[in-house]
Amino acid sequence: MKKLMLGNAAVARGLYEAGCRFVSSYPGTPSTEITEEAVGYDGIYAEWAPNEKVAMEAAIGASIAGARSFCAMKHVGMNVAADPMFTASYTGVNAGMLIAVADDPGMHSSQNEQDSRHYAIAAKLPMLEPSDSAECLAFVKEGYAISEQFDAPVILRTCTRVAHAQSAVELGERADIPLKDYVKNAPKFVAAPANAVKRHVVVEERMRALAQFAETTSLNREEMGDTEVGFVTSGTCYLYVREVFPNASVFKLGLVNPLPVDSLRAFAGKVKKLIVVEELDGVIEAHLRAHGIRVDGGKDLFGLLGELSQGKLRAAMGVPQPESAPYDEMVPARPPVMCPGCPHRGLFAVLSKLKLTVMGDIGCYTLGASAPLAAMDTTVCMGASIGMAHGFTKMRPDAAKRTVAIIGDSTFMHSGMTGVVNVAYNKGVSTVIVLDNAITGMTGHQQNPTTGLTLRQEPTVAIRIEDVCRAAGIERVRVVDPQDMRAVEAALREELAVDAPSVIIARRPCMLLKYVKPNPPLAVDAAKCVGCKSCLRIGCPAISFRDGKASVDETICVGCGLCEQMCKFGAFQKKEA
Amino acid sequence: MKTTSIMIVGVGGQGTLLASKLLGNVLLRQGFDVKLSEVHGMSQRGGSVVTYVRFGDKVYSPVVDLGEADYILSFELLESARWIAHLKKGGHLVTNTHKTPPMPVITGAAQYPEDIVEKLRARADVVALDALPLAEQAGSARAVNVVLIGVLSKLMPLDESVWREAIAETVPKKFLEANLRAFALGRDAAGA
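If you want it as structure tokens, here you go:
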């Protein structure tokens, strides 16, 4: 039976059908649903790791134990996991191991748009790139076969338009893949210099063998048509090419590392013009040029930025565009905002009021950088806030009393706590605020080591952030309710004033959690509202300004009462429940 | 059959993903090749969201570009203005007239444009309605998305029963009655 499936769900289905037994991941858009779906299948043990590096290491361990294993991450997560991955390339596997990486061209939900194909080249690992959900499922199975045949972890690369696109898949049965024997093999699995020197030889031999395999595998295919132009492409770009040029000759790559150079050279010889269509960097194009294969168009046509589409392809290739009648007035942007009742809002309102320098981090609270709160100076990567606040205040001791680091609970567990260790060890004076909303928010509510539940929703130890900080040697650790703006301000003033490192945990669960019940909405007493707009400074989507007065949208207000705290005139009133 | 393209646009949190799931089920059941593309994560937090639905004998691209949409189903008026350039010449726009001011309007940095419906009518075949009262009449304010689907269903060449079956399959049982009423009210509104 055919079923409409999200690319990520199809990857999970592929894991099930391929007999995968072990999944460990850290959430990251657009990769998250793979692991959320995988946990629902019998025979797959799945867990959230505290970060991508641990997830990768767990998957390597499971593979050596003899189980087909898997880990998923977004593109920037691969930076975190790169260390074990590069050496797992040397050790190889026991049972097959698959690594999914989801790129985000166009940065729908990311801080950069790095191209993860460079990792496959640098780590000398095979990389597969599916175009749609059916290929997601098929390539997972193929990936395990390649992993075991060539003794290497295999990378499956998707992007937003594959991971978060739905298309039809045909479901199959789960393969019965027994646990392989584990036999100690130190020369293979102990990557000490004497062993690794020999393993590097194996890695290079493997890449030569894979390059041969690339020439014959059905993952790559030549579709001959009109020979005026021939396209070399992969992934979603293949779909855009076929959309615009249904009759053109196309070389579709499913295995994007290593490339089938001989087959591509032969294809180039059959067409008058060779065009390479790829999103982000010119990886395929550079490879072809390096091998002396004539390329008539590539990055010069399509550029290095953002997603491609059929429209961009038409524009670059000089194909007429369909007629379009745009709206002829400025349409105001609609940027994402913190939800009504978000526990982060009160804290950011105070940071904004005190005009502090804020080293930010990755999560829903990154939205605190937007107007009108605009209370963030930097955002770099997961966990960066604390290390950066330390470096900043070491070089500007005068600024320490006006500088904070801000980080969420899940991000703290991911890579924030090593930053705290650094602050304590190196005698820093940073003030760190941990926004503990009891869940991993932005990626859609995943459990983490502080929440007391596993991915399988089983109760487990809940790591207390305050205990971690105290154990690291931070003496000043306190907890505040971020909804109580006066208490937040008092705590901040106190901790910023002292010449010692401190951690303030702003603790209140995410408003979207099922167990958090909204309060009755507030209403504006028009007689008391003087139109000062103080309430608009908290950036609440439920408050707007009409005819000189504030107004509350009762349909979305959850009665958090921050506006009441902002108003000096008592214009906001709680309705009786 | 040539590929038909639909866009569902709105504000993060309005239930656009359920609408696309419902559409996907309807179309797959009719034996079409179907592709849906949605965006999760950051933009869902009250931002402008768009879902693409494409169907036909063989669908390649999962996205809909400028001038390509046969139908746009919009949950919010400003979003209709934002995405109208994606509508094909001769395409249909079904828009809710509900207004959700975006943050730049709330803070006073921008104005919510006036007379959007009239300006859209100059560009496209438009069905504009306030879906909330109809949803409430059907028994659930949350059924706005199904009211709008009801309007769309009247414009598309598919049998009514297929839509009703897909609703029954997609919507939780205890909300089914209200949603079927919402669907019927949407269909009536389209004919009016």
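Read top to bottom, the protein sequences are chains H and C.
Position one of the first sequence corresponds to residue 1 (this note's numbering), numbered consecutively onward.
Position one of the second sequence corresponds to residue 1001 (this note's numbering), numbered consecutively onward.
Note that beta-carbon positions come from the ideal geometry of N, C-alpha and C, so glycine has one too.
The Cβ-Cβ distance between Ser263 (chain H) and Gly225 (chain H) does not fall below 8 Å. If the five residues before and after Ala526 (chain H) are omitted, its C-beta is found closer than 7 Å to the C-beta atoms of Lys549, all from its own chain and listed in chain order.
Residue environment: Phe572 (chain H) is assigned as buried (16 or more neighbouring CB atoms within 10 Å of its CB, all protein chains considered). In the DSSP annotation of this structure, the continuous segment of the beta strand (DSSP E) that includes Cys159 (chain H) starts and ends at 154-159. Across the structure, Val232 (chain H) and Leu288 (chain H) are spaced so that their CA atoms are roughly 10 Å apart. Listed in chain order, the positions of the region 310-333 of chain H with a beta carbon within less than 7 Å of a beta carbon of chain C are Gln310, Gly311, Gln321, Pro322, Glu323, Ser324, Ala325, Pro326, Tyr327, Glu329, Val331, Pro332, Ala333. Approximately 7 Å separates the beta-carbon atoms of Val1034 (chain C) and Ala168 (chain H); this is inside 8 Å, confirming the contact. A direct Cα-to-Cα measurement between Arg1123 (chain C) and His1086 (chain C) gives close to 11 Å.
Interface residue (Cβ-Cβ distance to chain H less than 8 Å): Arg1121 (chain C) is not classified as such.
Neighbours of Leu536 (chain H) in chain C, taken as residues whose beta carbon is under 8 Å from its own, are Ile1106, Thr1107, Gly1108 in chain order. Between the alpha carbons of His291 (chain H) and Leu259 (chain H) lies a distance of about 11 Å. Distance check between Ala369 (chain H) and each of H:Met382, H:Leu255, H:Glu285, H:Met338 places H:Met338 closest, using alpha-carbon atoms only.
Contact note: Gly1191 (chain C) does not reach chain H at a C-beta cutoff of 7 Å; the least C-beta distance is about 26 Å. Interface flag for Ala55 (chain H) against chain C is unset, since no Cβ pair is found closer than 8 Å. Residue state for Gly341 (chain H) is assigned as coil, using DSSP reduced to three classes. Residues of chain H with a Cβ closer than 7 Å to the Cβ of Tyr1060 (chain C) are, in chain order, Leu239, Arg242, Glu243.
Scanning chain C for C-beta atoms nearer than 9 Å to the C-beta of Ser167 (chain H) yields Asp1033, Val1034, Lys1035, Leu1036, Val1059, Pro1062, reported in chain order.
Checking the DSSP bridge columns, you'll see Val1011 (chain C) partnered with C:Ser1048.
In the DSSP assignment, Ser147 (chain H) falls within the alpha helix (DSSP H) that extends over 133-150. Beta-bridge analysis with DSSP links Asn1096 (chain C) to C:Leu1129. Residue pairing for Cys71 (chain H): DSSP places it in a beta bridge opposite H:Ile99.
For Thr379 (chain H), no Cβ of chain C is located within less than 8 Å of the residue's own Cβ. Shortest Cα-Cα distance from Pro340 (chain H) to any of H:Ser109, H:Ile538, H:Glu129 involves H:Ile538.
Excluding residues up to 5 positions away in sequence, Pro27, Thr32, Glu36, Trp48, Ser410, Ile439, Thr440, Leu455 lie with their Cβ nearer than 8 Å to the Cβ of Gln446 (chain H) in the same chain.
Taking a 10 Å sphere around the C-beta of Pro541 (chain H), we find 16 or more other C-beta atoms and assign the residue as buried.
In the structure shown, the three-state DSSP call for Lys252 (chain H) is strand. With a beta-carbon spacing of about 7 Å, Ile1006 (chain C) and Asp1070 (chain C) fall inside the 8 Å limit used to define contacts. Under the three-pair Cβ rule at 8 Å, the region 3-20 of chain H counts as touching the region 128-148 of chain H. Taking 8 Å as the cut-off, the Cβ atoms of Val1011 (chain C) and Arg334 (chain H) count as close.
The residues Glu17, in chain order, have a CB closer than 8 Å to that of Glu173 (chain H) in the same chain once the five nearest residues on each side in sequence are set aside.
Distance from the CA atom of Gly561 (chain H) to the CA atom of Cys535 (chain H), rounded to whole angstroms, is 11 Å. Excluding five sequence positions before and after Ala1138 (chain C), the CB atoms of its chain that fall closer than 6 Å to its own CB belong to Ala1178, Arg1181, Ala1182, Leu1185, given in chain order. Residue H:Glu489 holds the alpha-carbon nearest to the alpha-carbon of Val404 (chain H) among H:Ala471, H:Glu489, H:Glu323. Listed as beta-bridge partners of Arg221 (chain H) by DSSP are H:Lys252. Under a 10 Å Cβ-count criterion, Asp361 (chain H) is classified as buried, with 16 or more other Cβ atoms of the shown protein chains found around its own Cβ. With fewer than 16 neighbouring CB atoms inside 10 Å of its own CB, Pro459 (chain H) falls in the exposed class.
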